[in-house]
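Engineer: Protein chains in written order, with the numbering used here: chain A, 3 to 66; chain B, 121 to 512. Virtual Cβ for every residue (Gly too), placed ideally from N, Cα, C. Sharing a structure below in structure tokens format, with a few things to ask.
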Ligand SMILES: Cc1cc2nc3c(=O)[nH]c(=O)nc-3n(C[C@H](O)[C@H](O)[C@H](O)COP(=O)(O)OP(=O)(O)OC[C@H]3O[C@@H](n4cnc5c(N)ncnc54)[C@H](O)[C@@H]3O)c2cc1C
Ligand code: SF4
């Protein structure tokens, strides 16, 4: 099963806290802007949940 | 926030039994930082700041709009303001802080505000209308963020504070001075090394009198002078409550005689714990990552001990609790990001960029890095985060 990830880019301030929790999904590019993979394997779920928790702007969601 | 995070962590670590969460606010848990920033600048509503609810915590018994008035640790009970007595096998203290207020002779006036709760922000938002004259007492993070937001909304803003520069603790003189310059460039006036001696007005505030005797006219007066821990309801249990709830490294509460209460924990702003990343000195850390990090620790330790799982408990305790303090702040187009405990530094150096633009400062104690803070340049700030990771 795959999970779909959505980041509300109107909220995201590119702090990159999510990067430390799910480095395979989230990264900051050379402009310090967030980039992410919108689909991930279910095995990443715990990491993504952790990223959701640590996002200061509460911008990340899992869309089932 | 800490309460919600503990419930989530207990479920994640396998505890399936009952959880009761008592909270005196009428709302389900919500995120506070936007209340001085982007949400205050737009429309303040619970929907805009509510934390997502997860299926795993759907069966938590939320007792909202209800205040815990006392606890009896010997009997393992908490009494709420409806008179109901709740029995527990374990209690987690997550009561956070409340804003300090000044005591002045003419203090009983409308137009006085603080910013801690959603209700506070809604009430303040209604008065931050274009052209309103705002006086903010306190130039810490919240005072500065509210100043920036109020400017954005077209208010005239004066910040009054006892320090030399805004947020000089913990940012340090150079960065704090620059922050002040950027605020002034945006039209904020400062009265530093000053305090408010009294308020002016009948029924509604129309001005403030500074300790220098100067009088400033205003329509809105905001107090942002720090906070006190909500611990009075724990009185009478011999806990060490001189500054929040003193805990050990597993966040278990400590009594005045130094003994540990095995089944009482504290998380978030109210918890005072030593962080082995820095030293053995217990501190309260009022940063947003602490409720989540401390709740994770409590969830893991408590779930294992409630299950009587000695192996899991030993595994949980094997790694010391050593959260990396992190904070951010948004003011105008300025985005601060920091890791560590900047306030411990005896030396502060610019390590990248230029103070007038994006820049990163390093904070050192006896030559050892204890914090890093940047305006912009997030990747650089992030690259130092590992400095505050405890060696495995
Ligand atoms: C305006 C604002 C902006 C902020 N911005 C930032 C930021 O940019 N970056 C950052 O790192 N941190 C920021 N913070 C700090 C961060 O929000 C806190 O660290 C965090 O909310 C602490 O969570 P907590 O669970 O410990 O306490 P809280 O979230 O305060 O939760 C405690 C709850 O307990 C309730 N309570 C208290 N006493 C009782 C009682 N006797 N019975 C029942 N309920 C009780 C309170 O009403 C409250 O609902 C900000 C805080 C505020 C107020
Ligand atoms: S943690 Fe949140 S705000 Fe920060 S980069 Fe990730 S999604 Fe954006």
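(1) Where does the unbroken beta strand (DSSP E) through residue 257(B) begin, and where does it stop?
(2) Would you mind reading off the limits of the beta strand (DSSP E) that contains residue 6(A)?
(3) Might you give, ordered along the chain, the residues of its own chain that have their beta carbon closer than 6 Å to the beta carbon of residue 432(B), omitting 5 neighbours on each side?
(4) Name the chain A residues that come within less than 7 Å of residue 448(B), Cβ to Cβ?
(5) Is there a C-beta anywhere in chain B that falls below 7 Å from the one on residue 44(A)?
(6) Where does the unbroken beta strand (DSSP E) through residue 413(B) begin, and where does it stop?
(7) Ligand 1 heavy atoms versus the CB of residue 332(B): any closer than 6 Å?
(8) Does the segment 132-148 of chain B come close enough to the segment 196-216 of chain B that 3 or more CB-CB pairs lie under 8 Å?
(9) Which residues in the same chain as residue 23(A) place their Cβ atom closer than 7 Å to its Cβ, once the five residues preceding and following it in sequence are excluded?
(10) So, using beta-carbon positions, are residue 526(B) and residue 418(B) closer together than 7 Å?
(11) Given a threshold of 16 other Cβ atoms within 10 Å of its Cβ, counted over all protein chains shown, does residue 233(B) qualify as buried or as exposed?
(12) Report all residues from its chain with a CB closer than 6 Å to the CB of residue 349(B); omit the five preceding and five following residues, and keep chain order.
(13) Which chain A residues sit within Cβ distance under 9 Å of residue 425(B)?
(14) Quick one: list the residues of chain A neighbouring residue 455(B), beta-carbon separation under 9 Å, in chain order.
(15) Quick one: what does DSSP say residue 481(B) is sitting in, helix, strand or coil?
(16) Measuring only the C-alpha atoms, how far is residue 171(B) from residue 59(A)?
(17) Grouping DSSP H, G and I as helix and E and B as strand, with all else coil, what is residue 465(B)?
(18) Identify each residue in the segment 401-427 of chain B for which the Cβ-Cβ distance to at least one residue of chain A is less than 7 Å, and report them in chain order.
(19) With distances taken from CA atoms, which of 274(B), 187(B), 257(B), 222(B) is nearest residue 247(B)?
(20) Throw me the rounded Cβ distance for the residue 157(B) and residue 269(B) pair, which I believe falls under 8 Å.
(21) Residue 472(B) bridges to which residues according to DSSP?
(22) Looking at the C-beta of residue 55(A), does it have a partner C-beta in chain B at a distance below 7 Å?
(23) What residues in its chain sit with their C-beta under 7 Å from that of residue 17(A), if we drop five residues either side in the sequence?
(24) I'd like to confirm the pairing. Which residues does DSSP put opposite residue 199(B) in its beta bridges?
(25) Compute every distance between the C-beta of residue 121(B) and the non-hydrogen atoms of ligand 1, then say whether any falls below 6 Å.
(26) With 16 as the cutoff for other CB atoms within 10 Å, does residue 249(B) come out buried or exposed?
(27) Counting only beta-carbon separations shorter than 7 Å, does residue 30(A) have a partner in chain B?
(28) If residue 408(B) sits next to residue 447(B), beta carbons under 8 Å apart, how far is it from one beta carbon to the other, in whole angstroms?
(29) I believe residue 241(B) touches residue 160(B) by the beta-carbon criterion, under 8 Å. Please report the beta-carbon distance rounded to the nearest angstrom.
(30) Taking the alpha-carbon positions, what's the residue 180(B) to residue 434(B) distance?
(31) Which whole-angstrom value is the C-beta distance of residue 282(B) and residue 314(B), which I expect to be below 8 Å?
(32) With respect to 6 Å, is the separation between the Cβ of residue 216(B) and the closest non-hydrogen atom of ligand 1 below this value?
(33) Looking at residue 27(A) and ligand 1, is the gap between the Cβ and the nearest heavy atom below 6 Å?
(34) Hey, would you say residue 508(B) sits closer than 7 Å to residue 295(B), going by beta carbons?
(35) At which residues does the alpha helix (DSSP H) containing residue 147(B) begin and terminate?
(36) Please work out which residues of its chain come closer than 6 Å, Cβ to Cβ, to residue 129(B), disregarding the five sequence neighbours upstream and downstream, and give them in chain order.
Structural biologist: Well, looking at it:
(1) For the purposes of this step, residue 257(B) is taken as residue 137 along the second chain, with counting starting at 1. Counting along the chain, residue 257(B) sits inside the beta strand (DSSP E) bounded by residues 253-257.
(2) Walking along the first chain from the start, residue 6(A) turns up at place 4. Start and end: 4-9.
(3) Mapped onto the second chain, residue 432(B) falls at position 312. Taking C-beta separations shorter than 6 Å and ignoring five residues to either side along the sequence, the partners of residue 432(B) in its chain run 424, following chain order.
(4) For the purposes of this step, residue 448(B) is taken as the residue at position 328 of the second chain. Those within 7 Å of residue 448(B) in chain A are 17, 58.
(5) Stepping through the first chain from its first residue, residue 44(A) is reached at position 42. Not one chain B Cβ lies under 7 Å of residue 44(A).
(6) Counting from 1 along the second chain, the entry for residue 413(B) is found at position 293. Residue 413(B) -> not in any beta strand (DSSP E); alpha helix (DSSP H) instead, spanning 409-426.
(7) Locating residue 332(B) in the second chain gives position 212, counting from the first residue. Checking every heavy atom of ligand 1 against the Cβ of residue 332(B), none is found closer than 6 Å.
(8) Yes: the two stretches touch, three or more of their Cβ pairs being nearer than 8 Å.
(9) Taking the first chain and counting its residues from 1, the one referred to as residue 23(A) is at position 21. Here the set comprises 49, 52, 53, 56.
(10) The first residue shown for chain B is 121 and the last is 512, placing residue 526(B) beyond what the model contains.
(11) Here residue 233(B) corresponds to residue number 113 of the second chain, with the count starting at 1. Buried is the call here.
(12) Sequence index remark: in the second chain, residue 349(B) carries index 229 (1-based). Apart from sequence neighbours up to five positions away, the residues of its chain that approach residue 349(B) with a beta-carbon distance below 6 Å are 217, 364, 390, ordered along the chain.
(13) In the second chain, residue 425(B) corresponds to position 305, counting from 1. Per Cβ cutoff of 9 Å: no residues; residue 425(B) is ~22 Å from chain A at best.
(14) By 1-based counting over the second chain, the position of residue 455(B) is 335. Within chain A, the residues near residue 455(B) are 15, 16, 17.
(15) Within the second chain, numbered from 1, the residue matching residue 481(B) stands at position 361. Strand, per DSSP.
(16) Here residue 171(B) is taken as the residue at index 51 of the second chain, counted from 1. Here residue 59(A) is taken as the residue at index 57 of the first chain, counted from 1. Annotation: residue 171(B) to residue 59(A) spans about 11 Å, alpha carbon to alpha carbon.
(17) By one-based count along the second chain, residue 465(B) stands at place 345. Of the three classes helix, strand and coil, the one that applies to residue 465(B) here is coil, per DSSP.
(18) Within the segment 401-427 of chain B, the qualifying residues are 408, 409, 412.
(19) On the second chain, residue 247(B) is found 127 positions in, with the first residue counted as 1. Here the closest residue by C-alpha is 274(B).
(20) Residue mapping note: residue 157(B) aligns to position 37 of the second chain, counting from 1. Residue mapping note: residue 269(B) aligns to position 149 of the second chain, counting from 1. In this structure residue 157(B) touches residue 269(B) by the C-beta definition: roughly 6 Å separates them, less than 8 Å.
(21) In the second chain, the residue the question calls residue 472(B) occupies position 352. The partner list for residue 472(B) (beta bridge, DSSP) reads 480(B).
(22) As a position in the first chain, residue 55(A) is number 53, starting the count at 1. So, interface residue.
(23) The residue you call residue 17(A) lines up with position 15 of the first chain. Excluding residues within five positions, the ones whose Cβ falls inside 7 Å are 58.
(24) The residue given as residue 199(B) occupies position 79 in the second chain. The partner list for residue 199(B) (beta bridge, DSSP) reads 190(B), 205(B).
(25) Translated into positions along the second chain, residue 121(B) becomes position 1. Residue 121(B): yes, Cβ under 6 Å from ligand 1.
(26) The sequence position of residue 249(B) within the second chain is 129, counting from 1. Exposed, by the Cβ-count rule.
(27) Counting from 1 along the first chain, the entry for residue 30(A) is found at position 28. At least one chain B Cβ lies under 7 Å of residue 30(A).
(28) Position 288 of the second chain, counting from 1, holds the residue named residue 408(B). Position 327 of the second chain, counting from 1, holds the residue named residue 447(B). Residue 447(B) and residue 408(B) do touch by the CB rule: their CB atoms are close to 7 Å apart, below 8 Å.
(29) Indexing the second chain from 1 puts residue 241(B) at position 121. Indexing the second chain from 1 puts residue 160(B) at position 40. About 6 Å separates the beta carbon of residue 241(B) from that of residue 160(B), a gap short enough to meet the 8 Å contact definition.
(30) In the second chain, the residue the question calls residue 180(B) occupies position 60. In the second chain, the residue the question calls residue 434(B) occupies position 314. It is roughly 27 Å from the alpha-carbon of residue 180(B) to the alpha-carbon of residue 434(B).
(31) Counting from one through the second chain, the residue named residue 282(B) turns up at place 162. Counting from one through the second chain, the residue named residue 314(B) turns up at place 194. About 7 Å separates the two Cβ atoms, so the contact holds.
(32) Position 96 of the second chain, counted from the start, is the residue given in the question as residue 216(B). Under cutoff, so the answer is yes.
(33) In the first chain, counting from the first residue as 1, residue 27(A) sits at position 25. Because no heavy atom of ligand 1 lies under 6 Å away, the Cβ of residue 27(A) does not count as near it: no.
(34) Within the second chain, numbered from 1, the residue matching residue 508(B) stands at position 388. Within the second chain, numbered from 1, the residue matching residue 295(B) stands at position 175. The Cβ atoms of residue 508(B) and residue 295(B) lie no closer than 7 Å to each other.
(35) Residue 147(B) sits at position 27 when you count from the first residue of the second chain. For residue 147(B), no alpha helix (DSSP H) encloses it, and the DSSP letter there is neither H nor E.
(36) On the second chain, residue 129(B) is found 9 positions in, with the first residue counted as 1. So the qualifying residues of the chain are 415, 416, 419.
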